[in-house]
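Residue numbers (my numbering): 310 to 670.
For glycine and all other residues, C-beta sits at the position ideal for the given N, C-alpha and C.
Please read these numbers as outputs of a predicted model, since none were measured by experiment.
Okay, structure first, notes after.
Below, the structure written as structure tokens:
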């Protein structure tokens, strides 16, 4: 059988390019419901590729076995710990929701804390001219709790419990993810060859582009998440030290918040201020000073070690990409959003590099 293609003229080449572009657009549209799953599998396959390459050398290039063992390594190091952590988080979230409901009914420790805070605030307001006593009433606060607070906590639980979309959907997505993860590992050479073939700028520029994007993705995922975990842990530990329970819940929440530049200070600083206003002076100072002096400096200490200077994503771009990712892809947008921003930044950087070196003239 003759596999040689006949030579085609420029007009036919243009038609072929248009057909390829249409095929890519249709492919993205056709598989749009599984795009997040494919992106997650690709990111994890990229991050676990060093382990795959190591096992591949030890097994004399047995791709199937090496990919399977890499998948097991990923399950043991990532999936199982995350599952346990999220299970405990949901359990503590339910307890927190119960505590909030007790406050709304006018009982429990949280209710007493709110009452003390209102009394102290009213005393301060009473000292201000033309401001009468009892400006703030406990009934106003409990009404707000009844209408909003417990619903917010339960909404968070709904998001967590509904993330997988049910047992059948979870099984289906898990099977698809496994096949995608294994395929990205075993077929990585073919995928890279296809990308190079589709790129009209040539292999050298493609290698430069993929290298830049790969270094930034590795730095963002590994560096940013290690820093976020460290900051979330210290903030949750500070909350535990001052007597605020539900350590795992706060650890998970503050870790996710620490991914964005604003960080866990959104939660910790206001809690510290509330403690100061209710007369818990040392507890409030421990929270506020601990966050400012310790947590904020974790970034300064760890970032240079995990994230090279030329691979860092600007804080403003990171913040926008996280929220944009969540808006487009839901929960997984926390990871996918910044990776998309890295794709954009890498493209611009490569273009400016080529312009400066006059390779586009």
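Terminal residues of the alpha helix (DSSP H) in which residue i lies
i, result
"residue 383", "372-383"
"residue 525", "512-527"
"residue 360", "358-367"
"residue 547", "534-550"
"residue 388", "First-last for residue 388: undefined, no H or E at that position."
"residue 504", "497-507"
Residue from the options with nearest C-alpha to residue i
i, options, result
"residue 492", "554, 375 and 368", "375"
"residue 497", "550, 358 and 613", "358"
"residue 639", "339, 489, 335 and 344", "344"
"residue 533", "609, 502 and 486", "609"
"residue 615", "513, 366, 666 and 529", "529"
"residue 352", "664, 565, 494 and 591", "494"
"residue 540", "548, 563 and 327", "563"
"residue 377", "390, 393, 360 and 559", "360"
"residue 521", "337, 655, 663 and 347", "655"
"residue 483", "347, 658 and 397", "347"
"residue 355", "607, 531, 339 and 548", "531"
"residue 350", "334, 478 and 485", "485"
"residue 478", "342, 324 and 325", "342"
"residue 576", "560, 590 and 589", "560"
"residue 591", "548, 389, 569 and 606", "548"
"residue 642", "569, 372 and 397", "569"
"residue 552", "565, 581 and 574", "581"
"residue 518", "338, 658, 572 and 339", "658"
"residue 627", "613, 604, 611 and 651", "651"
"residue 391", "338, 490 and 558", "558"
"residue 501", "516, 487, 490 and 579", "516"
"residue 624", "661, 665 and 567", "567"
"residue 503", "324, 329 and 593", "329"
"residue 538", "612, 664 and 335", "612"
"residue 535", "579, 574 and 607", "607"
"residue 601", "574, 579, 589 and 335", "574"
> Along the chain, which unbroken stretches of the alpha helix (DSSP H) at least 4 residues long are found entirely within the stretch 585-651?
Replying inline: Restricted to the stretch 585-651, the alpha helix (DSSP H) segments that are unbroken, complete and at least 4 residues in length are 590-599, 605-615 and 624-638, listed in chain order.
> Where are the beta strand (DSSP E) runs, 3 residues long or more, that stay fully inside the stretch 557-582, in chain order?
Replying inline: As far as the stretch 557-582 is concerned, it has no whole beta strand (DSSP E) run of at least 3 residues.
>> With three or more C-beta pairs closer than 8 Å as the rule, is the stretch 498-508 touching the stretch 639-651?
In response: no
> For the 8 Å Cβ check, are there 3 or more pairs between the stretch 595-605 and the stretch 577-586?
Replying inline: yes
> Hey, is the stretch 543-550 in contact with the stretch 620-638, meaning 3+ C-beta pairs nearer than 8 Å?
Replying inline: no
>> Quick test of the definition: if touching needs 3 or more C-beta pairs under 8 Å, does the stretch 378-387 touch the stretch 521-531?
In response: These segments do not touch.
> Fully enclosed by the stretch 320-359, which beta strand (DSSP E) runs are 3 residues long or longer?
Replying inline: List check, beta strand (DSSP E) in window: nothing returned.
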